[in-house]
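Trainee: The structure that follows is given in the form of structure tokens.
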Amino acid sequence: MKIPTKRLKVKLFALAGLLALACTKTEQEEKIVEVEVEKQVVKDFDLVKVPTMTALQVQESGKEMFTDEDNKEIDGKVILYDDDLRAFRVNEMLEVRAIEGNKYRIRNFLPHTFTNVELQMYIEGFKAPVKIAFFEEFPPLYEYVGELPFSAREIFFEDVNGQKISVENINNLSTSDLKFSLISNDPMLEKMKKIKLNTFYCFRPYEKDTKWGRLTAEDARNYLPVVLNMAYMLSSEDFEKAIKETPYEFENKKGVPLNREHVMKSFINIPRQNLGIIVEPGLGGLGGGTTFGVRREYINNPKSAYYTKSDLNSPWHSSLVMNVWIHEFGHVAGYGHDGNMTYFYDKGKDAKGLVPVGMAVYQKLLLEGQLPFLKYPYEK
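Numbered per mature numbering (1 follows the signal peptide of the UniProt record, and there is no 0), the sequence shown spans residues -22 to -1, 1 to 358.
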């Protein structure tokens, strides 16, 4: 239940120099006493210190994700397939949450070390967010749980504008009352902010279907950078421009043109994806609804089209892995085989459809250095 705002007392303190111009002596004394008391209050009740964390400190007290440990079970659930532990939103792969016990949790779902990350917290009644912690580096694929500086007594924060804030009863707030943000000039975080998709990604074993193999923690690691790259491409101005300006029609049924605004929305508004691994010989991928999967060798290859230039004019394209991904994602967006939204018309340089458009935009962003991951991040 949400705690009423009136129970959270917030007082702001200027704590500035003692200005007493044009005042009588008594007025000056009153002003001085008032400010000095405020200074004494802050001195007696120490201002909340903002801890600075190094990557080593995060690693020592945190947990690495997507290791072989993820194949183990907790409370009857395999860690890797537990949505509470390993699922993520593609536009929030550096994730922060309030959790029970006056704590916060940060999870980095990317094989990327984030630098200069400030954790800020906002509560209704604050004029601005307050600083909670600063991370010099946050290591790749790590989970860290930190303590929130809450207390039953009056405590003092400094907000992002340097204003001192006195707060009472903060210990009574529920996790839903707290809003967090991670602020950084790290280029990866800036790229993530551009992603329009809010898709919730999960991992699944698909054990009852022989077309699928059991997805491992290593497979999950290999999916992560590709999922982000593809979401970035679909969110890009280049992709939107290509969809709107392509000189032929997009069709789900031959001869029936699709509305291009609808096409764009169909790729952005994907609520959920359950990722798996395809193993059946001759089958590159499967997709539709919440189901999505490609072959293991498509995502673990440093020289695949996700990370290297390919010949877009070859009959079936040397970048078959990209072809398969976009084809299956077309099914996820609701399109079938009767038009050019999964398969395409003609071949090579004459190809017409979603696949050649998507492949061309992806390669352009790759070669221009715009994608979040320009090379396979696990190469030794």
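Backbone N, C-alpha and C define an ideal beta-carbon position, used for all residues, glycine too.
Predicted model only: the values in this text are computed from it and were never measured.
Residue range of the beta strand (DSSP E) that Ala76 falls in?
Mentor: Counting along the chain, the beta strand (DSSP E) containing Ala76 begins and ends at Leu72 to Ile77.
Trainee: Since Lys358 and Leu261 should fall inside the 8 Å C-beta cutoff, what is the C-beta to C-beta distance between them, to a whole number of angstroms?
Mentor: No, Lys358 and Leu261 are not in contact; Cβ-Cβ is about 30 Å, not under 8 Å.
Trainee: Using 8 Å as the Cβ pair cut-off and three pairs as the minimum, do the stretch 55 to 71 and the stretch 220 to 233 touch?
Mentor: Contact fails: fewer than three Cβ-Cβ distances are below 8 Å.
Trainee: Can you give me the start and stop residues for the alpha helix (DSSP H) that Lys169 sits inside?
Mentor: First-last of the alpha helix (DSSP H) with Lys169: Pro165 to Lys171.
Trainee: Which runs of the alpha helix (DSSP H), 4 residues or longer, sit entirely within the stretch 271 to 304?
Mentor: If we require 4 residues or more, the alpha helix (DSSP H) runs fully inside the stretch 271 to 304 come out as 274 to 277.
Trainee: Quick check on the burial criterion: 16 or more other C-beta atoms within 10 angstroms. Buried or exposed for Gly263?
Mentor: When all chains shown are included, Gly263 counts as buried.
Trainee: Flag this pair as yes or no: are the beta carbons of Pro118 and Leu88 separated by less than 8 Å?
Mentor: Their beta carbons are under 8 Å apart, which means Pro118 touches Leu88 by this criterion.
Trainee: Using the C-alpha atoms, what's the distance from Gly317 back to Thr333?
Mentor: The identity of residue 333 in the sequence shown is Val, whereas the question assumes Thr. Approximately 12 Å, taken between the alpha carbons.
Trainee: Taking Cβ positions, are Ala195 and Phe44 nearer each other than 8 Å?
Mentor: Yes; because the gap between Cβ atoms is below 8 Å, this pair is in contact.
Trainee: Using DSSP's beta-bridge definition, name the partner residues of Pro235.
Mentor: Answer by DSSP bridge pairing, in chain order: Glu229.
Trainee: So Thr91 packs on Phe116, CB below 8 Å; how close in whole Å?
Mentor: Correct: roughly 7 Å between the Cβ atoms.
Trainee: Taking C-alpha atoms, which residue in Tyr100, Tyr184, Met170 and His315 lies nearest to Asn252?
Mentor: Residue Tyr184 is the option with its Cα nearest to Asn252.
Trainee: Grab me the residues of Tyr95's own chain with a C-beta within less than 6 Å of its C-beta, minus the 5 sequence neighbours each way, in chain order.
Mentor: Note that residue 95 corresponds to Val in the displayed sequence, not to Tyr. Cβ neighbours of Val95 beyond the five flanking positions: Phe113, Phe116, Leu160 and Ser162.
Trainee: Short check: CB of Ala198 to CB of Leu58, under 8 Å?
Mentor: Yes. Within cutoff.
Trainee: So the candidates are Arg274, Val272 and Ile304; which of them puts its Cα closest to the Cα of Phe245?
Mentor: Nearest C-alpha to Phe245: Ile304.
Trainee: Three or more C-beta pairs closer than 8 Å, one from the stretch 172 to 183 and one from the stretch 28 to 38: is that the case here?
Mentor: Segments in contact, no.
Trainee: If I measure Cβ to Cβ from Tyr340 and keep anything under 6 Å in the same chain, skipping five residues before and after, which residues do I get?
Mentor: Correct list, in chain order: Met211.
Trainee: With a cut-off of 8 Å on the beta carbons, I'd call Asn86 and Leu72 a contact; round off their distance for me.
Mentor: That belief holds up - the Cβ atoms of Asn86 and Leu72 are roughly 5 Å apart, short of 8 Å.
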